[in-house]
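For reference, the structure discussed in these notes is given below.
Structure, rendered in structure tokens:
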């Protein structure tokens, strides 16, 4: 039985761009960083923002600060970084270019032990785990470290044929002095459904640990990997390396379930439109929900084409809802301006508005 299941699995990791984080490294093997095109923005009394062309940003020490390192390498140190990685979209809870005391990016396994000094007043260096034997680690991995509830995610939108899939990834905590618990923000989001490693052991383990979960996307979905620090300093937080991402097709999807998920999303959108007072739009969305019930689930090709067409319609509904909210906000702003700005004939105009 297990041989039959294994034979049905298909490695479809190629649908993910740069799945091993091997391209577009935040640090090269010699410790060098991406070339900065802007270095004149101050982050604090200790750091400048060094911003690369792709908006990767490094917090570099100010020579004028009173900080120092025992090794004399203060000006080579980084007080934080946020690396943009090809194929992935970076989100962080702190506004760009703030990156002090958060460390997110892609790092090579072969980085020498003292190549990148960490903190202008520290005595540590950017540490990397031993190259894994449990999976093919490639060139690099994602490095995740922060403190005081700071967080970041790397995400990308993936389009897959409707089927059942399993996502695998590996993590290791390379901080032997861990006392806090960081949150794994890895998840798959498709429509209103969120899939994640519900049985995860978290990010605390100091050996390479495999995470996996199954999901059935009904359309394009967002895949994200990330980390949220506990409310404590970074010294006691897990320093996480994440790598070994694999995606497998493990079976065919239940088309009736896919159709039901779309109908549920349609109903949710109609509810949002009704709640916002857009009754006309809500009626259109509700009517379309009934049209979905007529999609043929027997013919695989016809079903796939119908789902693609339905996705396009749903995106238009979402765009219409967002645009109507923008119009409401603009009208409210205009009304506030009219109420607070004096102009000739204002009283007569207001009287005519209310009488109408």
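Numbering (this note's numbering), first residue to last: 960 to 1315. All residues carry an ideal CB built from backbone N, CA and C; glycine is no exception.
Checklist line | residue 1163 (DSSP reduced to helix, strand or coil) | finding: coil
Checklist line | Reference residue 1180; option with closest CA among 1115, 1164, 1098 and 1058 | finding: 1115
Next item on the list: Excluding the 5 residues preceding and the 5 following residue 1050 in the sequence, name in chain order all residues of the same chain whose CB lies nearer than 6 Å to its CB.
Entry: 1112
Next item on the list: Express the C-alpha separation of residue 1216 and residue 1082 in angstroms, rounding to a whole number.
Entry: 55 Å
Notebook entry, point to check: With DSSP run on the structure shown, which of helix, strand or coil describes residue 1248?
Noted result: helix
Checklist line | For residue 963, three-class secondary structure by DSSP | finding: With a pLDDT of only 39 at residue 963, under the threshold of 50, the placement of this residue in the model should not be trusted, and no figure is reported.
Margin query: So the candidates are 1124, 1101, 1094 and 986; which of them puts its Cα closest to the Cα of residue 1208?
Written below: 1124
Notebook entry, point to check: Expressed to the nearest angstrom, what Euclidean distance is found between the alpha-carbon atoms of residue 1016 and residue 988?
Noted result: 18 Å
Checklist line | Within 7 Å, strictly: CB atoms of residue 1184 and residue 1145 | finding: yes
Note to self: For the ligand FAD, I want to know if residue 1058 counts as a neighbour, meaning its beta carbon is within less than 6 Å of at least one of the ligand's heavy atoms.
What the structure shows: With respect to the ligand FAD, the structure offers nothing, as it holds no ligand at all.
Margin query: For residue 1214, report the span of its alpha helix (DSSP H) as first-last.
Written below: 1214-1234
Next item on the list: To the nearest angstrom, report how far apart residue 992 and residue 1236 are at their CA atoms.
Entry: 52 Å
Note to self: Residues in the same chain with beta-carbon distance under 8 Å from residue 1255, minus the five sequence neighbours each way, listed in chain order, please.
What the structure shows: 1261, 1262 and 1265
Next item on the list: Would you identify the three-state DSSP class for residue 1278, choosing helix, strand or coil?
Entry: helix
Notebook entry, point to check: If we ignore side chains and look at the alpha-carbon of each, how far apart do residue 1192 and residue 1108 end up?
Noted result: 9 Å
Next item on the list: Could you work out which residue in 1169, 994 and 1152 is closest to residue 1143 when comparing CA atoms only?
Entry: 1169
Item checked: Completely contained beta strand (DSSP E) runs for the stretch 1080-1130, where each covers 3 or more residues -> 1099-1104 and 1110-1117
Notebook entry, point to check: Got a sec? Which residues, its chain only, sit under 8 Å from residue 975 by beta carbon, not counting five neighbours each side?
Noted result: 1046, 1115, 1117, 1182, 1204 and 1206
Check: Candidates 1105, 1273 and 1150: which alpha carbon is nearest residue 1058's?
Finding: 1105
Margin query: Tell me the residue span of the beta strand (DSSP E) that contains residue 996.
Written below: 995-1001
Next item on the list: Return no unless some Cβ of chain C is closer than 7 Å to the Cβ of residue 1090.
Entry: The structure shown contains no chain C; it holds only a single protein chain.
Notebook entry, point to check: How would you label residue 1028, buried or exposed, when you count the other beta carbons within 10 angstroms and need 16 or more for buried?
Noted result: buried
Check: How far does the beta strand (DSSP E) with residue 1007 in it reach, from first residue to last?
Finding: 1006-1011
Margin query: As a quick exercise: from 1038, 1225 and 984, pick the residue whose alpha carbon is nearest that of residue 1018.
Written below: 1038
Next item on the list: Mind reading off the beta-carbon distance from residue 986 to residue 1075? Whole number of angstroms is fine, and I expect it under 8 Å.
Entry: 6 Å
Margin query: For a quick check, are the C-beta atoms of residue 1063 and residue 1033 less than 7 Å apart?
Written below: no
Item checked: residue 1152 to residue 1189 span [Cα, whole Å] -> 26 Å
Notebook entry, point to check: Quick one: is residue 1130 buried, meaning 16 or more other Cβ sit within 10 Å of its Cβ, or exposed?
Noted result: buried
Notebook entry, point to check: Quick check: the stretch 1216-1232 against the stretch 1243-1257, are there 3 or more CB pairs under 8 Å?
Noted result: yes
Margin query: Determine whether the beta carbon atoms of residue 981 and residue 1098 lie at a separation below 7 Å.
Written below: yes
Note to self: Given this structure, state the Cα-to-Cα distance separating residue 1281 from residue 1072, to the nearest angstrom.
What the structure shows: 50 Å
Notebook entry, point to check: Going straight from the alpha carbon of residue 998 to that of residue 1009, what length do you get?
Noted result: 5 Å
Item checked: CA-to-CA distance, residue 1186 to residue 1103, given in whole angstroms -> 7 Å
Notebook entry, point to check: Can the beta-carbon of residue 1162 be found closer than 7 Å to that of residue 1197?
Noted result: yes
Item checked: Per-residue DSSP class, three states only, for residue 1068 -> coil
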